[in-house]
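Numbering follows my numbering, in which position 189 of the sequence shown is assigned residue number 181; successive positions increment by one, without gaps.
Each residue gets a CB set at the ideal place from its N, CA and C atoms; glycine is no exception.
Heads up: the structure comes next, in structure tokens.
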Amino acid sequence: MRVNKPAGFTLIELVIGIIVFSIALVLFTSLIVPQAIRSVDPVFQVRATELAQSLINEIASKSFDEKSDRTGGSALCSQTVTPLCTTSDDFGAEEGFSNRENFNDVDDYDGLSETDGGIKNALNENVTIGNANLYQGFSAAVFVVYDDNMNGVDDALDSGGNYIGKTKLITVTITTPNNENILFSTFRSNY
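Shown next as structure tokens:
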């Protein structure tokens, strides 16, 4: 007569199975979870690009300098002939005109910094989809310097400050909600 043993797993087999399953689960989650978190990066990058491009378009559409002729005439500011262009030490918004609605030349934007709900369009309106701010969590910073040789370095650093040039480098830095800094730049020449 034959006695049948009950079929099943031993305690050791169960413990080894749980350990193998735990290791596989840890490996799987360590590969998948970071990818899920990064899946929003392209959305942030597209929004950052749109914001930077709109700022660059707005800035580049302004006069080269406060002292340039805005009526399409031939009077351009200069390094040596009157009217002299604004010196690099005097970049930034003119006194009493701290919002973008009143900016009328490229160097007015130097030092502009906007974040979250403070990011507005050229008409000083919030940018929304539905009732949600499109750029919540973003920040934008603008810097303008003279860069005649177009090497990306402020020419005032080489000359000891207070410089006047023919080409301005406009740099827009957008920081996304996940703290990625994306840099955009363009040149605006005196013509």
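Check the DSSP bridge columns for residue i and list the partner residues they point to.
i	result
Asn252	There is simply no residue 252 to check, as the chain begins at -7 and stops at 183 in what is shown.
Arg180	Lys160
Thr120	Asn125
Ser70	Leu76
Ser55	Asp97
Measure the Cβ-Cβ separation of residue i and residue j and say whether it is below 9 Å.
i	j	result
Val98	Asp57	yes
Asp108	Val134	no
Val145	Ile48	no
Ser105	Ala132	yes
Ala114	Glu93	yes
Thr168	Ala40	yes
Asn96	Ser46	no
Locate the alpha helix (DSSP H) running through residue i, then write down its first and last residues.
i	result
Val38	33 to 52
Ala148	147 to 151
For the beta strand (DSSP E) containing residue i, name the first residue and the last one.
i	result
Gly106	Per the sequence shown, the amino acid found at residue 106 is Glu instead of Gly. Counting along the chain, the beta strand (DSSP E) containing Glu106 begins and ends at 105 to 107.
Ser131	131 to 138
Under the assumption that residue i contacts residue j (Cβ atoms under 8 Å), give the Cβ distance between them as a whole number of angstroms.
i	j	result
Tyr138	Lys160	6 Å
Asn91	Asn123	Between Asn123 and Asn91 the Cβ distance is about 23 Å, and since that is not below 8 Å, they are no contact.
Leu43	Tyr155	Contact doesn't hold; Cβ gap of about 29 Å is too wide.
Arg180	Ile162	6 Å
Asp150	Asp140	That pair is no contact at about 10 Å.
Asp247	Asn171	The requested residue 247 is not part of the displayed model; the chain covers only -7 to 183.
Ile174	Gln37	7 Å
Val136	Phe89	So it is not a contact: roughly 15 Å between Cβ atoms.
Under the criterion of a Cβ to heavy atom distance below 8 Å, does residue i qualify as lining the ligand SAM?
i	result
Lys112	The ligand SAM is not among the ligands present in this structure, which contains no ligands whatsoever.
**Prompt:** Are the region 67 to 84 and the region 26 to 40 touching, with three or more C-beta to C-beta distances below 8 Å?
**Reply:** With a cut-off of 8 Å, the region 26 to 40 and the region 67 to 84 do not count as touching, because too few Cβ pairs lie within range.
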